[in-house]
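One structure is given below, encoded as C-alpha cells.
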Amino acid sequence: MSKSIQLHFELPGNDLNLAGEASSKVKKTLNQLGLKPAVVKKTAVAMYEAEINAIIHAGGGTLTATIDQESIVVVVRDQGPGIADLELAMQEGYSTASEKIRKMGFGAGMGLPNMKRHADLLEIESAVGQGTLVTITVFL
Amino acid sequence: MLEVKKYFHSVTLDEEKCRGCTNCIKKCPTEAIRVRKSKARIIEERCIDCGECLRVCPYHAKKAITDDFAKLSEYRYKIALPAPSFYGQFKTTYSRSDILAALLKIGFDEVYEVARGAEIVTEATKKLLQLEKLKKPVISSACPAVVRLIQVRFPSLIDNLLKLESPMEVAAAISRKKAAETYKLNASEIGVFFISPCAAKVTSVKAPYEKEKSNVDGVLSMQDVYLKVVAVIEKNMGSEALEQAGYAGIRWAGSGGEGLALGTEQFLAVDGIQNVLTILEEIENGQLEEVEFVEALACYGGCLGGPLTVQNAFVAKTRLKKHIDKAKNKAVAVTVPRHDELMWTLDIEHRPVMKLDDDLDKAMKKLEELEEINEKLPGLDCGACGAPSCRALAEDIVRGIANETDCVFLLREKVRALAMEMMELEAKMPPVLDKGQTNGKGENGTRRG
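Chains V and U, in that order, are what the protein sequence lines are. In terms of the working numbering, the first sequence opens at residue 1 and continues consecutively. In terms of the working numbering, the second sequence opens at residue 1001 and continues consecutively.
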C-alpha cells in the first residue's frame, strides 16, 4: 500500500498574526517531499486563499492537507456565516466583506475565482449560518 | 571541473577562528550551516552566499574569498569597475571624479563605472517590460544572493526572474571591447576587475548561473580597494570627464534605486534577507500580482549594506545622496543595445536541496519519522546539537547525518534512565550473598529468579 501524509491545523479566527502560517507549513512539507514547483505553486495560491478566507471572513476553522502518490487534497472547514449565493461568489469582484476588512486589503472579491484558477478541482459546500467546506485538489 | 563550478562559494570558514558557537547557524536563511566537532560546516549546495554569517560571526571566522590585488599584474591593461556603492564609502569632501582618479593612481589604466552599466540595464528592462509578456511580478536579478535563494527555496518563482545581464557584466563587456579596439589588445591582455560590496558577486563571477563564463577577470573586496584609495586620494585630483554615469545608475547602490529608475509606479523594493523571504512567500501565494516589478536585495540598505563595505549602510546612504544630487544636474545619454542582446544565455535550474528523498514514498516515510522525532525534541531551538532548530535536527536525523543523542536534553533523559536502571541493578544481590534473604523471601523487593 502506498503511503499518505496528513497535516492538520487549527485556524484561529481573526488572528492575522497567524494568517498564512498553515499554508506556509504545508508548502514547506511539499518542498520536502520534492514535489514539482508548479504543483507547489498551484497548491500554495489556492490553499492560502482558503486559509485567509476562513480566518478573516468566518471566524476561523480547520485546515487539513492530505498528500498521496496522486494528489494533494486540502480541506478547509469553518463554522462561519456561509455563502448565500455560491455562483455569485465565484464571480470576480463580488464580495460581501465589510468596509473594515476591505481596509485591511482583503475582501476584493478575487479569493474564490483565484482559488478556482489554481486548483485542479474545487468543491465548495456551504450553508448560510452553518459554515463552509472547501475542498481543493491538485494532481501531482 | 564541473564539480568545482557547481559548488564554488565565496563564503568560507576560517577554521582557526571558529569557536563552534551557534550564532551563524541561527541566521542562515537556508539552514546551510551545522556545527560539527566545534567548527561550523557549510552545506555547500544550500549556501547562497548572502553573507549573513559573515556579518553575525563574533569571531570573524567567516570570510569571503576575493581576488588578491596582486592579480592586476597578470594583465597588461587593467580596468576597474567600481560598484555604485563604492562612492558611499568616502567622505563627501571627495567628488566622484576624485574617487575615480584615485583608482587610476593605484594601478588601474581605466575606470568604467558599474553605475553606467546599471543605466543600460535599466533601459533594457524598460524595453523588455514593454515588449514582452513576462510573468508578474517580475523579480529583479540584480542581487545574486536573492536569485540563488529563489533557486533553492522558491523554485516556482524562477520564471518570474528578470533574465537580463547584471550591470557588472554589461560594464565589463563594454569596457573590455572598447579597450581592445582602442589599444589593439588581445582579450587575454585585458584584466577587468570588479570592486565588490559582497561575497555573492564573487560567486557570480567564479560560477555564473546565467552564462558559461563571466566577462570579469577578478573580484576585489571593496575594503581592500578602499584602503589603497584612501592612501592616495586628494581633493580635486580628478577631472569631471571621468564621471560617465548619471544619478539613476548611482542610485542602484541603495534599496529602491533600480525600481525608481524604471519609472513605474507599481514597483516594490525590499531589502534584508528576512524581509525578502516574507515578500517571496507572498509572491508564491499569489498575493502580489498587482505589482509589476520587485526589487529584492539580500542586504539591509541594499548594496550599501554589503558585508564587504567599509561604512555602515546609513552613513553610506547619506554620503551617496550627495553624489546623486550632484549628478542630477548632469544629463547622461545612454545608448542601449537591443534588450535581447542582454538576455541570459543559460537558465537557472531548481536546486531541490530541501527534498528528503527522490522517491515520493520514501520521502513520505522520512517525513513521518521527522515529525515523530520532532515531537520528542524539547522545542527550545537551543542549537547545542549543531543544527539551527529542533526541527532541523529531526530533519538531519532522518537524512542520516545526526543522531537523537545529539540533543543534550534527550541525552540527559537517556543518561537518567540509565542511571535509574543502574541504581535498581545495584540494589540486587546474588542470592548466595544476600544477607537479608531467608527461606526464599526477599527484602527490598529482591527475589530469587
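C-beta: ideal position from N, C-alpha, C; glycine also.
(request) Consider the Cβ of S2(V): report whether some Cβ of chain U lies at a distance smaller than 8 angstroms. (result) Along the first sequence, one-based indexing puts residue 2(V) at 2. Yes, its Cβ sits closer than 8 angstroms to a Cβ of chain U.
(request) Have a look at V1432(U), L1104(U), G1272(U) and R1351(U) and flag the residue whose alpha-carbon is nearest the alpha-carbon of I1233(U). (result) In the second sequence, counting from the first residue as 1, residue 1233(U) sits at position 233. Closest option to I1233(U), Cα to Cα, is L1104(U).
(request) Return the chain-ordered list of same chain residues with a C-beta closer than 6 angstroms to the C-beta of T1345(U), the five sequence neighbours on each side being excluded. (result) Sequence index remark: in the second sequence, residue 1345(U) carries index 345 (1-based). Answer for T1345(U): K1211, listed in chain order.
(request) Give me the Cα-Cα distance between V75(V) and P1388(U), rounded to the nearest whole angstrom. (result) Along the first sequence, read from residue 1 onward, the residue named residue 75(V) stands at position 75. Along the second sequence, read from residue 1 onward, the residue named residue 1388(U) stands at position 388. Near 32 angstroms, if we compare the C-alpha coordinates of P1388(U) and V75(V).
(message) Checking the sheet assignment: what are the DSSP bridge partners for L11(V)?
(response) The residue given as residue 11(V) occupies position 11 in the first sequence. G61(V), per the DSSP bridge assignment.
(request) Return the residue from the list T1030(U), P1137(U) and K1039(U) that minimises the CA-CA distance to G1051(U). (result) Reading the second sequence from its first residue, position 51 is the one you call residue 1051(U). Closest option to G1051(U), Cα to Cα, is T1030(U).
(request) Go ahead and pull the three-state DSSP assignment for S1196(U). (result) Reading the second sequence from its first residue, position 196 is the one you call residue 1196(U). It is a strand residue.
(message) Under 8 angstroms, Cβ to Cβ, is there at least one residue of chain U near K100(V)?
(response) In the first sequence, residue 100(V) corresponds to position 100, counting from 1. So, not an interface residue.
(request) State yes or no: is the C-beta of Y1112(U) within less than 8 angstroms of the C-beta of S1175(U)? (result) Translated into the one-based positions of the second sequence, residue 1112(U) becomes position 112. Translated into the one-based positions of the second sequence, residue 1175(U) becomes position 175. For Y1112(U) and S1175(U), yes; Cβs fall inside 8 angstroms.
(request) Tell me whether E1044(U) is buried or exposed, calling it buried when 16 or more other Cβ atoms sit within 10 Å of its Cβ. (result) Here residue 1044(U) refers to the residue found at position 44 of the second sequence. So E1044(U) counts as exposed.
(request) May I ask you to list the residues that DSSP assigns as paired with Y1077(U)? (result) Taking the first residue of the second sequence as 1, we reach residue 1077(U) at position 77. The partner list for Y1077(U) (beta bridge, DSSP) reads I1190(U).
(message) Closest to K27(V) by C-alpha separation, out of D78(V), L16(V) and L7(V), would be which residue?
(response) One-based indexing of the first sequence puts residue 27(V) at position 27. When only C-alpha atoms are compared, the closest one is L7(V).
(request) Grab the span of the alpha helix (DSSP H) containing T1318(U) for me, first residue to last. (result) Locating residue 1318(U) in the second sequence gives position 318, where the first residue counts as 1. From DSSP, the alpha helix (DSSP H) with T1318(U) extends over A1313 to K1328.
(message) Could you tell me the alpha carbon to alpha carbon distance between A54(V) and L63(V), rounded to whole angstroms?
(response) As a position in the first sequence, residue 54(V) is number 54, starting the count at 1. As a position in the first sequence, residue 63(V) is number 63, starting the count at 1. Those two C-alpha atoms are separated by around 9 angstroms.
(request) Pick out whichever of M1429(U), E1371(U), A1296(U) and L1425(U) has its Cα sitting closest to the Cα of L1268(U). (result) For the purposes of this step, residue 1268(U) is identified with residue 268 of the second sequence, where counting begins at 1. Of M1429(U), E1371(U), A1296(U) and L1425(U), the residue nearest in Cα terms is A1296(U).
(request) Could you tell me whether the Cβ of A1363(U) comes closer than 8 angstroms to any Cβ of chain V? (result) Taking the second sequence and counting its residues from 1, one reaches residue 1363(U) at position 363. Yes, A1363(U) lies at the interface with chain V (some Cβ there is under 8 angstroms from its Cβ).
(message) Under 8 angstroms, Cβ to Cβ, is there at least one residue of chain V near P1167(U)?
(response) For the purposes of this step, residue 1167(U) is taken as residue 167 along the second sequence, with counting starting at 1. Put simply, the CB of P1167(U) is far from chain V, with every gap to its CB atoms at 8 angstroms or more.
(request) Could you name the residues of chain U that V45(V) contacts, counting a contact when the two beta carbons are closer than 7 angstroms? (result) Residue 45(V) sits at position 45 when you count from the first residue of the first sequence. Per Cβ cutoff of 7 angstroms: N1285 and G1286.
(request) Can you give me the Cβ contacts of L35(V) inside the same chain, cut-off strictly under 7 angstroms, excluding the 5 residues immediately before and after it? (result) In the first sequence, the residue the question calls residue 35(V) occupies position 35. Taken in chain order, the residues that qualify are L140.
(message) When you compare the CB positions of D78(V) and G131(V), do they come within less than 8 angstroms of one another, or not?
(response) For the purposes of this step, residue 78(V) is taken as the residue at position 78 of the first sequence. For the purposes of this step, residue 131(V) is taken as the residue at position 131 of the first sequence. The answer is yes: Cβ separation under 8 angstroms.
(request) With a threshold of 16 other CB atoms inside 10 Å of the CB of T1203(U), please say whether the residue is buried or exposed. (result) Sequence index remark: in the second sequence, residue 1203(U) carries index 203 (1-based). With 16 or more other Cβ atoms within 10 Å, it is buried.
(message) Just to make sure I have the definition right: I need the residues of chain V whose C-beta is within less than 7 angstroms of the C-beta of E1281(U). Which are they?
(response) Numbered from its first residue, the second sequence carries residue 1281(U) at position 281. Residues of chain V passing the Cβ test: S24.
(request) Apply the 10 Å Cβ neighbour rule to F1314(U) and answer buried if 16 or more other Cβ atoms are within range, or exposed otherwise. (result) Taking the first residue of the second sequence as 1, we reach residue 1314(U) at position 314. Exposed, since its Cβ has fewer than 16 Cβ neighbours within 10 Å.
(request) Answer yes if the segment 1254 to 1267 of chain U comes into contact with the segment 1112 to 1126 of chain U, meaning at least three C-beta pairs across the two stretches below 8 angstroms, and no otherwise. (result) Counting Cβ pairs under 8 angstroms, three or more are found: they touch.
(message) Tell me which residue opens and which closes the beta strand (DSSP E) that F1409(U) is part of.
(response) Position 409 of the second sequence, counted from the start, is the residue given in the question as residue 1409(U). Per DSSP, F1409(U) is not a residue of any beta strand (DSSP E); the alpha helix (DSSP H) it occupies stretches across V1408 to A1427.
(request) Kindly list, in the order they appear in chain U, the residues whose Cβ is closer than 8 angstroms to that of L122(V). (result) Walking along the first sequence from the start, residue 122(V) turns up at place 122. Under the 8 angstroms cutoff, chain U gives no residues; its nearest Cβ is about 15 angstroms from L122(V).
(request) Check distances from the C-beta atoms of the segment 68 to 92 of chain V to those of chain U and list, in chain order, the residues that come in under 9 angstroms. (result) So the close ones are D68 and Q69.
(request) Under 7 angstroms between beta-carbons, which chain U residues line up against N53(V)? List them in chain order, please. (result) Taking the first sequence and counting its residues from 1, one reaches residue 53(V) at position 53. Within 7 angstroms Cβ-Cβ: nothing; N53(V) doesn't reach chain U, min ~13 angstroms.
(request) Would you check if the segment 1127 to 1147 of chain U and the segment 1277 to 1296 of chain U touch, i.e. whether three or more CB-CB distances between them fall below 8 angstroms? (result) yes
(message) When you compare the CB positions of Y1247(U) and K1184(U), do they come within less than 8 angstroms of one another, or not?
(response) Residue mapping note: residue 1247(U) aligns to position 247 of the second sequence, counting from 1. Residue mapping note: residue 1184(U) aligns to position 184 of the second sequence, counting from 1. For Y1247(U) and K1184(U), no; Cβs fall outside 8 angstroms.
(request) Note down, in chain order, every chain V residue with its Cβ under 7 angstroms from the Cβ of S1156(U). (result) Start at 1 with the first residue of the second sequence, and residue 1156(U) comes out as number 156. What S1156(U) touches in chain V: P37, A38, V40 and K41.
(message) 8 angstroms is my cut-off, CB to CB: does K1355(U) come that close to chain V?
(response) Position 355 of the second sequence, counted from the start, is the residue given in the question as residue 1355(U). Interface residue, yes.
(message) Cβ closer than 9 angstroms: which chain V residues qualify as neighbours of D1406(U)?
(response) Taking the first residue of the second sequence as position 1, residue 1406(U) is located at position 406. By Cβ distance, chain V contributes nothing, its closest Cβ being about 20 angstroms from D1406(U), past 9 angstroms.
(message) For chain V, check one thing: does any of its Cβ atoms lie closer than 8 angstroms to the Cβ of L1360(U)?
(response) Position 360 of the second sequence, counted from the first residue, corresponds to residue 1360(U). Yes, contact with chain V.
(request) List the residues of chain V whose Cβ lies closer than 7 angstroms to the Cβ of S1149(U), in chain order. (result) Counted from its first residue, the second sequence places residue 1149(U) at position 149. The sequence as given places Leu at residue 1149(U); Ser does not occur at that position. Correct list: empty, because the minimum Cβ distance to chain V is about 13 angstroms.
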